[in-house]
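Undergrad: Numbered by mature numbering (1 follows the signal peptide of the UniProt record, and there is no 0), the letters in the sequence shown go through residues -21 to -1, 1 to 299 in order. Every residue, glycine too, gets a C-beta built ideally from N, C-alpha and C. Predicted model, so just to flag it, every value in this text is computed and none were measured.
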Amino acid sequence: MKLGTISTLSLALLAAGTAQAQDTRLLIGSTSASSSQYGYFVALGQLINDTVPEVSASVAETGATMDNLRRMQRGQVDLGLVTTNIIQHAWNGTQEFDGAPQEAPLLWVYSPAPQNVVVREDVGIDSLADLAGQRFNPGIRGSATEATAESVFATLGIAPDWVRGSTTDVVDMIKDNRVGGYVKSGAGSRLDASSLDISTFTPIEVISLTDEQVAMIEAEMPDISVVEITEAGEGIAPYKTWSFALAVSATPEMDEEIAYQITKAAMQDETVQRNALAALAEYDLTELTMQYGTVPLHPGAARYFEEQGVEIPERMRPAQ
């Protein structure tokens, strides 16, 4: 065989081997880096890289649910943080997605997310009604927290002076007394890391819904729940607030086998995710998923749960 032929053959084999060795690259949409939830998605990326063959995942800091769904639709992220209420709106083309439905099939639900109305103790806010006309942040821009808080306050007929910004910016504004407070998802039943950060600089309190407000929310907003929190943190009195659940969704285009392997890795993991978000030790992710899921599962995720003998609710079965 001639030298030129050997060289050409060697290059061809090298190229083929390189192509086979290339991993499928996935980008995970998360939330603000100052949020407790960001650490969860960093851990999820690590778990995928360590356990799912031929897949390489990295994490992008984003504006959370609404931002992640927009990025999924544009093909900029492959999976990411969503909330069970907003993903339901997207799937059905209602509220924020009126006339523009978007499918982002569910992989799993990983945590309930009480929405905490956190204020500086010294601003004299004793009820949600006191926030009317006050400078207040409804949640990180583009997040489910923001969209849901705006809907809740509108339902209750309360109109704060909304201040927008990232979690980092808003935390600084609260510390400097430029903003009275914000709405922030809890880390399970505990306060989020950013709320604890604020409390190291100034005393805080969490405002409770009144019984009348609870009744209004339950009547007008069936896509969210009202929960009572008794142990949010040291010095925080028990309170009632609205809640949804945090979940991981993917694009419809995600390969079924990859979705299967990622779901399997997350459901079978007992350390990585819990080390990132201690509240997960309280939950069984499979049970949470079947309890709180509001849209169909990705076919790969559904296959995993079916193999485990899990009964998938009708509302969550993938379209055939």
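Please list, in chain order, all residues of the same chain as SER37 whose beta carbon is under 8 angstroms from its beta carbon, the five residues on each side excluded.
TA: If we look at SER37 and ignore the five residues flanking it on each side, its Cβ neighbours are ARG4, LEU5, LEU6, ILE7, GLY24.
Undergrad: Write down the C-beta distance between SER90 and LEU259 rounded to the nearest angstrom, noting that I regard them as a contact closer than 8 angstroms.
TA: That belief holds up - the Cβ atoms of SER90 and LEU259 are roughly 7 angstroms apart, short of 8 angstroms.
Undergrad: State the DSSP-derived secondary structure class of GLN7, mapped to helix, strand or coil.
TA: Sequence inspection shows Ile at residue 7; the Gln mentioned does not correspond to that position. Strand, per DSSP.
Undergrad: DSSP on ILE119, reduced to helix/strand/coil?
TA: In this structure, ILE119 counts as coil in the three-state DSSP scheme.
Undergrad: May I have the straight-line CA-CA distance separating SER145 from ASN71, to the nearest angstrom?
TA: Approximately 28 angstroms, taken between the alpha carbons.
Undergrad: Could you tell me the distance, in whole angstroms, from the CA atom of PRO117 to the CA atom of VAL162?
TA: For PRO117 and VAL162, the distance between alpha carbons rounds to 5 angstroms.
Undergrad: Check the C-beta distance from ALA69 over to ALA83 and give it rounded, since I have them as a contact under 8 angstroms.
TA: Right, the Cβ-Cβ distance comes to about 6 angstroms (below 8 angstroms), so this counts as a contact.
Undergrad: Closest to GLY165 by CA distance: which of GLN74, ILE237, THR209 is it?
TA: When each option's Cα is compared against that of GLY165, the closest is THR209.
Undergrad: Thinking just about the alpha-carbon of each residue, which of PRO217, ALA281, TRP221 is nearest to the one in ALA194?
TA: Answer by Cα proximity: TRP221.
Undergrad: At a cut of 8 angstroms, does the region 132 to 152 reach the region 49 to 65 through at least three beta carbon pairs?
TA: Output reads no: the region 49 to 65 does not touch the region 132 to 152.
Undergrad: Rounded to whole angstroms, what's the CA-CA distance from GLU290 to SER106? Just pull it up for me.
TA: The straight-line gap from Cα to Cα measures roughly 42 angstroms.
Undergrad: Would you grab the beta carbon distance between residue 350 and VAL88 for me? Rounded to a whole angstrom, and I think it's under 8 angstroms.
TA: Nothing in the structure corresponds to residue 350, since the chain is present only between -21 and 299.
Undergrad: What is the rounded straight-line gap between the Cα of SER11 and the Cα of VAL131?
TA: SER11 and VAL131: Cα-Cα distance of roughly 22 angstroms.
Undergrad: Starting from PHE76, trace the beta strand (DSSP E) in both directions and tell me its first and last residue.
TA: Unbroken run through PHE76: none, as it is neither H nor E.
Undergrad: Mind checking whether SER122 and MET45 have CB atoms under 8 angstroms apart?
TA: Yes, they are a contact pair.
Undergrad: Do you know how far the Cα of VAL206 is from the Cα of GLY279?
TA: Near 32 angstroms, if we compare the C-alpha coordinates of VAL206 and GLY279.
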